[in-house]
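Chains U and W, in that order, give the protein sequences.
Residues in the first sequence are numbered from 0 upward in steps of one, following numbering that gives the first Met the number 0.
Residues in the second sequence are numbered from 0 upward in steps of one, following numbering that gives the first Met the number 0.
Input: a single structure, listed below in structure tokens.
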Amino acid sequence: MNKAAEHLIKISNIAKEYSSGDATVSAIRHMDFCIDDGEFVSIMGQSGSGKSTLLSVMGGLNHPTRGVVYLDTMDVYALSNEQRADFRSEYIGFIFQSYQLIPFLTVLENVKLPLAITKFKEKLQDEMALSVLDQVGLVDKAHRLPDQLSGGEQERVAIARAIVNKPPILLADEPTGNLDTKTTMDIMNTLQSLNEEGLTIIMVTHNPDLCRFSGRTIHVRDGQCHDDA
Amino acid sequence: MRLHNISFNNLRRRKGKTIFLITGLLIGIATIVTLLTITENMSRDIEERLDRFGANIVMVPKSENLSLSYGGVTVGGVNYTIEEFDENRLGALREIENAENIGIIAPKVLGPVEIRGKQVLLMGIDPESELPLKTWWHFEGVPPSHSTDLAVGSEAAKALGLAIGDSVMLGGKNFVVTAILQPTGAAEDGIVIGELHAIQGVLEKPGKISLVEISAFCNGCPITEMALQIAEKFPNARVNALKQAMMSKMQSIDMFKSFSYGVAALVIFIGSLLVFVTMMGSVNERTREIGIFRAIGFRRGHVMRIIMIEAIFIGFLAGLLGFGVGRGLAWIVIPFVIPGSSLSGLSGTLGVVALLLGVSLSLLASLYPALKASKLDPTTALRAI
Numbered sequence: 000m001n002k003a004a005e006h007l008i009k010i011s012n013i014a015k016e017y018s019s020g021d022a023t024v025s026a027i028r029h030m031d032f033c034i035d036d037g038e039f040v041s042i043m044g045q046s047g048s049g050k051s052t053l054l055s056v057m058g059g060l061n062h063p064t065r066g067v068v069y070l071d072t073m074d075v076y077a078l079s080n081e082q083r084a085d086f087r088s089e090y091i092g093f094i095f096q097s098y099q100l101i102p103f104l105t106v107l108e109n110v111k112l113p114l115a116i117t118k119f120k121e122k123l124q125d126e127m128a129l130s131v132l133d134q135v136g137l138v139d140k141a142h143r144l145p146d147q148l149s150g151g152e153q154e155r156v157a158i159a160r161a162i163v164n165k166p167p168i169l170l171a172d173e174p175t176g177n178l179d180t181k182t183t184m185d186i187m188n189t190l191q192s193l194n195e196e197g198l199t200i201i202m203v204t205h206n207p208d209l210c211r212f213s214g215r216t217i218h219v220r221d222g223q224c225h226d227d228a
Numbered sequence: 000m001r002l003h004n005i006s007f008n009n010l011r012r013r014k015g016k017t018i019f020l021i022t023g024l025l026i027g028i029a030t031i032v033t034l035l036t037i038t039e040n041m042s043r044d045i046e047e048r049l050d051r052f053g054a055n056i057v058m059v060p061k062s063e064n065l066s067l068s069y070g071g072v073t074v075g076g077v078n079y080t081i082e083e084f085d086e087n088r089l090g091a092l093r094e095i096e097n098a099e100n101i102g103i104i105a106p107k108v109l110g111p112v113e114i115r116g117k118q119v120l121l122m123g124i125d126p127e128s129e130l131p132l133k134t135w136w137h138f139e140g141v142p143p144s145h146s147t148d149l150a151v152g153s154e155a156a157k158a159l160g161l162a163i164g165d166s167v168m169l170g171g172k173n174f175v176v177t178a179i180l181q182p183t184g185a186a187e188d189g190i191v192i193g194e195l196h197a198i199q200g201v202l203e204k205p206g207k208i209s210l211v212e213i214s215a216f217c218n219g220c221p222i223t224e225m226a227l228q229i230a231e232k233f234p235n236a237r238v239n240a241l242k243q244a245m246m247s248k249m250q251s252i253d254m255f256k257s258f259s260y261g262v263a264a265l266v267i268f269i270g271s272l273l274v275f276v277t278m279m280g281s282v283n284e285r286t287r288e289i290g291i292f293r294a295i296g297f298r299r300g301h302v303m304r305i306i307m308i309e310a311i312f313i314g315f316l317a318g319l320l321g322f323g324v325g326r327g328l329a330w331i332v333i334p335f336v337i338p339g340s341s342l343s344g345l346s347g348t349l350g351v352v353a354l355l356l357g358v359s360l361s362l363l364a365s366l367y368p369a370l371k372a373s374k375l376d377p378t379t380a381l382r383a384i
């Protein structure tokens with residue numbers, strides 16, 4: 000990645016509006032912040048505060064109505080649709096709400112999913128997928144289907160899928176939203192370990208207890224950054 | 000992990016829908032295969048029947064005074080004088096442009112003789128070419144095969160009082176009646192038939208031919224053109240093409256063919272519609288899944304490819320099974336539709352057509368759903384984000 004830029008991600012004067020009939024709803028009114036390489040940032044806010052929209056805008060999924068998203072020096076939304084797909088494949092790992100695993104693929108196949116569009120040979124894909132499954136402690140369940148796993152295990156498969164092609168940035172949307180306290184702690188410890196290995200993590204949550212795992216918390220309210228600490 | 004793994008896994012998971020899709024297309028293709036197989040067999044059957052029916056080109060010498068009674072020739076007793084063909088020149092028939100369409104060439108010599116005080120028409124034939132052409136000739140006894148054999152038409156036998164084993168002196172040579180031709184209801188009933196070269200000798204027409212019958216039937220043969228080509232080679236001949244019977248029968252087959260194609264097109268349209276509707280439903284059902292693909296970096300082309308691979312697989316399987324089922328149905332139906340006939344062999348071309356049809360229809364019906372899937376906005380598709 001080009002290290003000429005001062006920050007890894009720069010959110011500059013972002014706004015996102017949705018049309019709902021004749022009315023216009025502002026999901027993000029105005030946001031301006033930067034994230035450095037290797038940071039673990041929590042984006043916290045109530046439901047409807049615009050935090051998930053912000054995450055999708057940062058991930059190149061949701062074109063902002065106004066403003067610019069930079070990754071290093073690259074203007075993400077100046078890219079074409081197909082270039083943005085390549086950008087997501089190369090730079091972003093996504094952990095979606097409710098795991099979002101593909102039910103007809105095994106754990107191993109789900110983890111290998113981002114590799115299906117690469118030129119990596121099958122053997123190398125297996126090695127890469129098993130390596131990350133080992134990292135999240137699920138090698139022994141590689142050939143099970145998602146519905147044969149617990150919620151926590153499914154979340155770990157989602158993490159493994161997000162990091163299998165070694166992206167520099169991990170975007171996690173409520174990664175522990177459906178989990179019990181103990182499993183939540185396990186998942187957060189896993190994310191913390193990944194961050195310690197150099198992965199930049201941006202996590203959306205509404206649970207204030209989880210902010211202690213991240214080095215920085217951005218509070219979002221009514222589509223604006225309320226606090227950045 | 001490759002894109003086709005995703006396609007096949009999806010088909011495996013949605014077994015019910017996959018079977019439904021394959022069955023829909025299979026019915027269409029099986030219908031086409033059945034109808035085409037039946038039509039093809041009917042066509043071949045008629046072709047064979049017409050071949051058995053006999054010649055469809057008759058070549059006779061040009062003569063203004065000639066009145067005809069057998070195959071275009073009447074011999075008016077002692078006044079019968081026409082310019083006949085030279086036997087050695089008949090080889091030219093095999094040199095016309097459409098020579099490959101010529102089946103049997105049956106030359107004959109005709110002339111009057113007197114047997115037991117009565118005038119009768121004597122016909123010399125080449126048994127090897129004549130008998131396969133006249134499959135409706137049935138003999139009591141052994142048909143003529145040697146130079147001294149004679150077959151006598153049923154009416155002539157009565158009129159002349161001839162029976163099998165009787166001797167007849169013709170042109171100073173002794174002949175033996177070896178067969179009586181059973182009534183045909185045609186000119187043959189009143190004539191005497193012998194071996195060509197022997198009869199040429201009796202009639203004192205060595206190397207001469209009075210009439211040539213040609214069997215040139217085959218599906219789509221240019222009979223009229225062939226008659227013209229023959230006339231060019233034999234300027235002193237009058238060449239008649241008997242194509243009316245064949246044309247009317249082929250027209251019936253063509254009408255059935257058109258009907259078959261119409262039914263097949265309708266069934267195939269319904270099958271394709273089924274694939275289209277099911278694929279559209281499948282895309283809607285898989286919105287979330289497609290959203291995940293797009294979010295993790297799949298291009299629009301990748302999503303399209305996943306759906307198109309599924310379509311190819313469904314189409315291929317439907318084509319293969321449709322061909323098998325269609326041939327099976329044809330095998331059952333043909334004996335009822337064409338009595339005395341049965342399904343003959345495997346048609347490789349039809350197999351290839353069935354496969355191509357299955358794949359192309361499935362692809363065509365899936366094109367729009369695949370395009371729609373590839374255009375899904377990942378955020379809308381995922382909703383959760």
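Cβ atoms here follow ideal geometry from the backbone N, Cα and C, with glycine treated the same way.
Keep in mind that this is a model prediction, so the values were computed, not measured.
In the pairwise beta carbon analysis, the region 319-336 of chain W is classified as touching the region 29-44 of chain W: at least three pairs are separated by under 8 Å. Phe138(W) is a Cβ neighbour of Ala150(W), given a cutoff of 8 Å. A distance below 8 Å separates the beta carbons of Ile28(W) and Gly357(W). With fewer than 16 other beta carbons inside 10 angstroms of its own, His29(U) counts as exposed. Within the region 267-289 of chain W, the residues whose Cβ lies closer than 8 Å to any Cβ of chain U are, in chain order, Arg287, Glu288. If the five residues before and after Gly170(W) are omitted, its C-beta is found closer than 7 Å to the C-beta atoms of Gly200, Val201, all from its own chain and listed in chain order. The three-state reading of DSSP puts Ser209(W) in coil, since its state is none of H, G, I, E or B. When C-alpha distances from His218(U) are compared across Gly44(U), Gly20(U), Val24(U), the shortest belongs to Gly44(U). Contact of Phe93(U) with chain W is assigned, a C-beta pair being separated by under 8 Å. Ser214(W) is classed as buried because its beta carbon has at least 16 other beta carbons within 10 Å across all chains shown. Boundaries of the alpha helix (DSSP H) harbouring Met57(U): 50-57, taken from the DSSP string. Note that the C-beta distance between Ile200(U) and Leu169(U) is below 8 Å.
Listed along chain W are Gly296, Arg298, each with a C-beta nearer than 8 Å to that of Asp85(U). The C-alpha of Glu96(W) is placed about 7 Å away from the C-alpha of Gln228(W). Residues of chain W whose Cβ lies closer than 9 Å to the Cβ of Ile101(U) are, in chain order, Ile5, Asn8, Asn9, Glu288, Ile291, Phe292.
Judged by their CB atoms, Lys107(W) and Leu210(W) are nearer to each other than the 8 Å cut-off. Between Gln124(U) and chain W, the shortest Cβ-Cβ separation is below 8 Å.
For Gly20(U), the number of other beta carbons within 10 angstroms of its own is below 16, and it is reported as exposed.
In the structure shown, the three-state DSSP call for Pro106(W) is strand. Three or more Cβ pairs drawn from the region 101-115 of chain U and the region 147-156 of chain U lie within less than 8 Å of each other, which places the two stretches in contact. Shown here for Met202(U): same chain residues with a beta carbon closer than 6 Å to its own, the five before and five after excluded, namely Ser41, Ala171 in chain order. When Cβ-Cβ separations below 8 Å define contact, Met0(W) makes contact with chain U.
If you check each beta-carbon in the region 366-379 of chain W against every beta-carbon of chain U, the ones closer than 7 Å belong to Pro377, Thr378. Between Leu132(U) and His142(U), the alpha-carbon positions lie close to 11 Å from each other. For Arg12(W), the residues of chain U that pass the 8 Å Cβ criterion are Pro102, Phe103, in the order they occur in the chain.
In the structure shown, the three-state DSSP call for Ala240(W) is strand. The beta carbon of Ser46(U) sits no closer than 8 Å to any beta carbon of chain W.
Thr23(U) sits in a strand when the DSSP states are folded into three classes. Taken in chain order, the members of the region 107-120 of chain U whose beta-carbon sits within less than 8 Å of a beta-carbon on chain W are Glu108, Lys111, Leu112, Pro113, Leu114, Ala115, Ile116.
According to the DSSP assignment, Lys232(W) belongs to the alpha helix (DSSP H) that extends over 222-232.
Interface flag for Asn61(U) against chain W is set, since a Cβ pair is found closer than 8 Å.
In the three-state DSSP reduction, Tyr98(U) falls in the coil class, being neither helix nor strand.
Using a Cβ distance threshold of 8 Å, Lys256(W) and Phe84(W) do not count as a contacting pair. By the neighbour-count definition (other C-beta atoms within 10 Å, threshold 16), Ser259(W) is a buried residue.
The beta carbon of Glu195(U) sits no closer than 8 Å to any beta carbon of chain W.
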